[in-house]
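Colleague: If you scroll down you'll find the structure; I have some questions about it.
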Amino acid sequence: MGCCLKIWDNPIRSVPSLMFRPISSRLIGAVGGLIGLLCGCATLGDGTDSRLNLVQTRGELLCGVSGKIPGFSFLSPDGRYAGLDVDVCKAMAAAFVGDSTKVQYRPLTAPERFTALRSGEIDLLSRNTTHTLSRDAAGGNGLSFAPTVFHDGQGLMVSVGSGARSMADLSGKAICVGSGTTTEQNLNDAFAAQGLPYTPIKYQDLNQVVGGYLQGRCAAMTSDRSQLASARSGFKDPQQHVILEDRLSKEPLAPAVVGGDQRMADATNWVVYALIEAEERGITQANLDDVLERAVADPSQAALRRFLGVDGGLGAKLGLPDDFVVQVIRATGNYGEIYNRHLGPGSAVTIPRGPNRLGRDGGLMIAPPFT
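5 is the number of the first residue of the sequence shown in the working numbering; add one for each residue after it.
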């Protein structure tokens with residue numbers, strides 16, 4: 005009742021934003037759905053209209069990915085999607101529905117991704133997406149970002165034969181860039197700040213950017229440094245291309261869900277934190293059962309028992325099973341295992357962990373307490 009009174013206290017400002025609040029198909033036509041639409045609070049309090057409930061009822065997660073970035077999300081030779089972003093989708097499915105295979109992957113271009121999320125075409129976006137104010141704010145794209153899963157930065161790649169050694173050497177040159185991305189804006193900001201003219205050659209996705217670059221339509225291509233390394237790994241002569249030292253931006257890449265759905269956001273956030281916490285605790289796919297057995301047998305391991313759901317309660321607060329962490333680790337391993345599998349030494353795309361190391365190792369990856 006309190007929320008409804010607030011609406012009518014200020015109808016001019018409150019009603020329009022609420023009239024267009026999306027409601028799930030399970031509530032359409034129901035009195036409870038109508039009240040939720042008008043009051044904006046009748047069902048949000050107990051989370052019954054959350055996207056999380058829809059995913060759990062459906063028994064499957066619809067996950068938006070790129071599908072074209074080796075190391076992050078791409079079709080492997082066996083026809084299955086693989087990569088760090090894909091494993092994030094798997095971890096979410098393991099936590100939400102108890103089965104990491106219950107994922108439908110939707111390949112999306114950069115211009116398509118936010119519309120797909122807002123329209124309900126996907127439940128979760130795990131597609132090398134930079135967390136920014138304008139994307140996070142209600143007045144912008146209205147998304148809700150999970151914790152960063154890869155700390156990146158934008159760079160420039162040129163051919164060794166170009167002679168370019170820094171951004172200044174690209175003054176007046178054509179640069180291939182993805183349209184409708186923060187990459188495009190960062191490129192403009194960086195060159196403008198140094199008074200350097202350039203000509204942007206815009207493409208819809210990274211594959212097209214790479215194609216334009218290799219066809220000689222531009223002197224350089226720009227993207228996140230991880231994507232440049234990923235693209236270069238597939239070149240015929242990768243050693244003939246160099247990523248310049250210039251760093252045009254900071255790019256915290258994170259999964260995202262629709263804004264305003266606190267239940268879905270909370271569940272997504274804590275699955276990411278669980279991956280990080282598991283690495284901090286040294287819990288892996290290989291030793292999970294042994295660690296779990298020890299936790300069950302030793303009541304003095306209070307923190308470990310809470311984390312693994314032996315002593316219940318934490319999962320229920322998120323609308324998840326108490327053993328959701330166990331399900332996640334069993335499905336994908338911890339964050340370090342995911343990183344090493346797709347980006348570590350011996351992988352097709354090798355990127356030093358750098359800022360993606362645990363906080364205790366000098367990196368930026370840290371999880372809040374599971375209490």
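Cβ coordinates follow ideal geometry from the N, Cα and C atoms, glycine included.
Let me know the secondary structure DSSP gives Pro242 once reduced to three states.
Modeller: Note: Pro242 maps to helix in three-state DSSP.
Colleague: What is the DSSP secondary structure of Gly40, counted as helix, strand or coil?
Modeller: Model confidence at Gly40 stands at a pLDDT of 38, short of 50, so the residue's coordinates are unreliable and nothing is read from them.
Colleague: Using the beta-carbon count (16 or more within 10 Å), is Ala299 buried or exposed?
Modeller: Buried is the call here.
Colleague: Do the CB positions of Val332 and Ala95 come within less than 8 Å of each other?
Modeller: Yes, these two residues count as a Cβ contact at 8 Å.
Colleague: Closer than 8 Å is the cut-off here; do at least three beta carbon pairs connect the stretch 234–248 with the stretch 71–88?
Modeller: At 8 Å Cβ cutoff, the stretches touch.
Colleague: May I have the straight-line CA-CA distance separating Pro256 from Asp327, to the nearest angstrom?
Modeller: About 29 Å.
Colleague: Fully enclosed by the stretch 182–227, which beta strand (DSSP E) runs are 3 residues long or longer?
Modeller: The qualifying runs are 203–207.
Colleague: Gln108 bridges to which residues according to DSSP?
Modeller: According to DSSP, which records beta bridges pairwise, Gln108 is partnered with Leu66.
Colleague: Could you spell out where the beta strand (DSSP E) holding Ser148 opens and where it closes?
Modeller: Its beta strand (DSSP E) spans residues 147–149.
Colleague: Counting pairs of beta carbons, one from the stretch 96–111 and one from the stretch 153–164, are three or more of them closer than 8 Å?
Modeller: No, the stretch 96–111 does not touch the stretch 153–164.
Colleague: Excluding the 5 residues flanking Ala282 on each side, which residues of the same chain have their C-beta closer than 6 Å to its C-beta?
Modeller: Excluding residues within five positions, the ones whose Cβ falls inside 6 Å are Ile333, Asn338.
Colleague: Under 8 Å, Cβ to Cβ, is there at least one residue of chain D near Ala197?
Modeller: Of the protein chains in this structure there is only one, and it is not chain D.
Colleague: Quick check: what's the CA-CA separation for Phe311 versus Ala196?
Modeller: For Phe311 and Ala196, the distance between alpha carbons rounds to 49 Å.
Colleague: If you follow the beta strand (DSSP E) that Asp89 is part of, which residue opens it and which one closes it?
Modeller: Counting along the chain, Asp89 falls outside any beta strand (DSSP E), though it belongs to the alpha helix (DSSP H) covering 88–101.
Colleague: According to DSSP, simplified to helix, strand and coil, what is Thr134?
Modeller: In the structure shown, Thr134 sits in a strand (DSSP, three-state: E or B).
Colleague: With DSSP as the reference, label Lys254 as helix, strand or coil.
Modeller: In the structure shown, Lys254 sits in coil (DSSP, three-state: anything other than H, G, I, E or B).
Colleague: Exposed or buried, what is Asp302 when buried is set at 16 or more other beta-carbons lying within 10 Å of its beta-carbon?
Modeller: Counting Cβ neighbours within 10 Å, Asp302 comes out exposed, since fewer than 16 surround it.
Colleague: Which residue marks the beginning of the alpha helix (DSSP H) containing Gly340, and which one marks its end?
Modeller: Residues 339–347.
Colleague: Among the candidates Pro356, Pro201, Arg62, whose CA atom is the shortest distance from the CA of Gly176?
Modeller: Cα-wise, what sits closest to Gly176 is Pro201.
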